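Take the sequence shown: its letters are residues 339 to 629, numbered as in the working numbering.
Just so you know, even glycine gets a beta-carbon here, dropped at the ideal spot from N, CA and C.
Treat the numbers as computed from the prediction; the structure is a model and nothing was measured.
Read the structure below first, then the notes.
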Amino acid sequence: MDRLRPFESIIMLSSGCREIFGRIDKEFGDNFQMMIDFSLLDLESRKDKAPLNYQMPLPEVRLPYIFMSVVGLNHDVFALLHEGGHALHQFAFREEPLLEYRSSPNEFAEVAAMSIELLSLAYLDVFYNRGNAARARRRHFEDTIGLFPEVGIIDTFQHWIYTHPEHTSRERSDQWINLMERFSIGVDWTGLEEAYRYYWHSIPHIFLRPFYFIEYAVAQLGALQIWQNSRKDKDGAIKAFKSALRLGGSRPLPELFRVANIKFDFSDRIIQPLMTEVYEEVKRQREMESK
């Protein structure tokens with residue numbers, strides 16, 4: 339199956355995402371338009387440019403800046419939606435007078451970005467026809483489900499590394515394989531055994547930001563609840579979401595979840611209905627994709 343190619347230029351990508359943000363909430367669209375107007379998006383690939391995606395605040399002007407190297411694929415759309423979510427978070431607490439509060443716990447920073455990705459799914463007609471929009475949504479939900487075992491592998495691997503400081507290189511790779519076999523059921527790596535053994539080398543968080551990865555799982559559970567709430571009451575879900583964004587780092591993580599009208603709870607009673615709803619959505623999008 340051919341790769342999804344949703345845009346042909348940087349202008350198409352940025353303007354399309356701006357439209358999606360505006361459909362979610364007018365203020366979101368206006369804020370992203372300010373980034374476009376002020377040239378705060380560095381998206382184009384060029385020689386010697388790092389292949390990274392990130393959002394960084396510019397504290398003196400209290401505005402966000404986004405760095406990417408796009409190549410014209412579906413991944414680029416969701417990367418800009420994700421980093422755009424971080425940027426919209428920056429706008430939300432921009433007027434906070436205390437510098438230390440103009441940020442938030444990492445877990446909630448990712449709730450902001452992941453929630454925007456999920457809320458954007460309803461508006462992918464900006465980039466795709468009906469069938470390809472369903473295909474992109476289906477793939478995104480599958481990736482959402484796949485995130486949790488991935489986090490399990492990486493977080494458990496890091497804990498093992500730091501609690502077994504005398505381990506050898508071979509023992510480290512053996513531990514990685516054990517975890518991959520435990521959490522990645524049904525994935526066939528035949529012919530790629532060497533890559534399988536050292537696949538963890540491709541995960542920069544292990545080297546640069548130890549123990550950061552579990553934040554993605556915490557945040558995804560929060561973001562899925564915001565998405566779930568939006569399906570029942572979009573206006574109410576967005577209002578609560580924005581209220582939590584405006585608090586920045588002035589409240590502890592559980593209170594940020596509470597203000598966003600989501601549960602800071604990782605028990606079966608929260609996870610099971612979320613995963614059931616996502617699974618049903620995967621099936622629904624697959625049916626739409628085939629029509």
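I need the DSSP call for Tyr392, collapsed to helix, strand or coil. strand
Can you tell me whether Gln623 is buried or exposed, with buried defined as 16 or more other CB within 10 angstroms of its CB? Buried: at least 16 other Cβ atoms inside 10 Å.
Could you say which of Val415, Asp606 and Pro542 lies nearest to Phe465 if we only look at CA atoms? Val415
Check whether Ile492 and Trp527 have beta carbons under 9 Å apart: no
Shortest alpha-carbon distance to Phe495 belongs to which of Ala474, Arg520, Val597 and Leu419? Arg520
Can you give, in chain order, each stretch of the alpha helix (DSSP H) that sits fully within the segment 557-629 and has at least 4 residues? 572-584, 591-597 and 606-627
Name the DSSP beta bridge partners of Glu382, please? Partner(s): Val408.
Counting C-beta neighbours from all protein chains within 10 Å, is the total for Gln558 16 or more, i.e. buried, or is it exposed? The residue in question, Gln558, is buried, as its Cβ has 16 or more Cβ neighbours within 10 Å.
Using a Cβ distance threshold of 8 Å, determine whether the segment 465-476 contacts the segment 598-618, with at least three qualifying pairs required. Contact between the segment 465-476 and the segment 598-618 is absent: fewer than three C-beta pairs spanning the two stretches fall below 8 Å.
Answer yes or no: do Ala417 and Leu583 have a C-beta to C-beta separation smaller than 9 Å? no
C-alpha distance - Pro344 paired with Tyr500, whole-angstrom precision: 42 Å
For Pro288, name the three-state secondary structure that DSSP assigns. Summary: the structure shown does not reach residue 288, with the chain confined to residues 339 through 629, and so no result is reported for it.
Buried or exposed by the 16-neighbour rule on C-beta atoms within 10 Å, applied to Ile349: exposed
In terms of alpha-carbon separation, which member of His505, Ile358, Leu459 and Lys570 lies closest to Val620? Leu459
CA-to-CA distance, Pro487 to Arg356, given in whole angstroms: Going by the C-alpha atoms only, they are around 32 Å apart.
In this structure, does DSSP put Pro503 in helix, strand or coil? coil
Integer-rounded CB distance, given that Gly423 should sit under 8 Å from Ile454: 3 Å
Separation of Glu438 from Arg473, as counted between CA atoms: Each residue's Cα considered, the two are about 41 Å apart.
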